[in-house]
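Numbering (this note's numbering), first residue to last: 249 to 393. A short worksheet on the structure shown next.
What follows is the structure in structure tokens.
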């Protein structure tokens, strides 16, 4: 599946389904080779950002905001070609969204308070100063106030 098709589907689907599609795509693009905890942590950061309203009013708007997640920097022609990883990303998106639908005091949190992450095999962003809240696989997670 091309990224352009996933984004088009997200634009025509009902918001809850679109948000799940965007989250699955982000898990795939950002963390498909990471351990389960790392994939859940990436999803958690996205959902926390959507909850805050600071970065957008839906999961898709947060994930497609310029310069924030892989959706905005990956070419639309990119093929999400690893079928097993894509299927796993959808399953993890379902788990993460079900967890996030619980009252906040009942949610399982992999990276409490984290609202940013970056892949440690890329240059460190300016906002990533100080000690991360967590390091999982090839990602470091931060709270940026």
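No residue lacks a Cβ here, since even glycine has one placed at the ideal position from N, Cα and C.
With distances taken from CA atoms, which of the options is nearest residue i?
{"i": "residue 374", "options": "324, 338, 382 and 390", "result": "390"}
{"i": "residue 272", "options": "337, 316, 348 and 367", "result": "337"}
{"i": "residue 362", "options": "332, 331, 291 and 342", "result": "291"}
Excluding sequence positions up to five away, which residues of its chain have a Cβ less than 6 Å from the Cβ of residue i?
{"i": "residue 266", "result": "258 and 308"}
{"i": "residue 328", "result": "249, 276 and 334"}
{"i": "residue 385", "result": "282, 283 and 286"}
Taking its Cβ as the centre, do 16 or more other Cβ atoms sit within 10 Å of residue i, making it buried, or is it exposed?
{"i": "residue 335", "result": "exposed"}
Can you check whether the CB of residue j is closer than 9 Å to the CB of residue i?
{"i": "residue 344", "j": "residue 254", "result": "no"}
{"i": "residue 319", "j": "residue 251", "result": "yes"}
{"i": "residue 225", "j": "residue 348", "result": "Because the chain spans 249 through 393 in this model, residue 225 falls outside it and cannot be assessed."}
{"i": "residue 317", "j": "residue 370", "result": "no"}
Starting from the C-beta of residue i, find all residues in its chain whose C-beta is less than 8 Å away, skip the five residues before and the five after it, and write them out in chain order.
{"i": "residue 284", "result": "340"}
So, at 7 Å on beta carbons, what are the nonlocal neighbours of residue i in its own chain, with the 5 sequence-adjacent residues on each side left out?
{"i": "residue 242", "result": "Coverage of the chain is limited to positions 249 through 393, which leaves residue 242 absent and any answer about it impossible."}
When the Cα atoms are used, what is the spatial distance from residue i to residue j?
{"i": "residue 353", "j": "residue 323", "result": "38 Å"}
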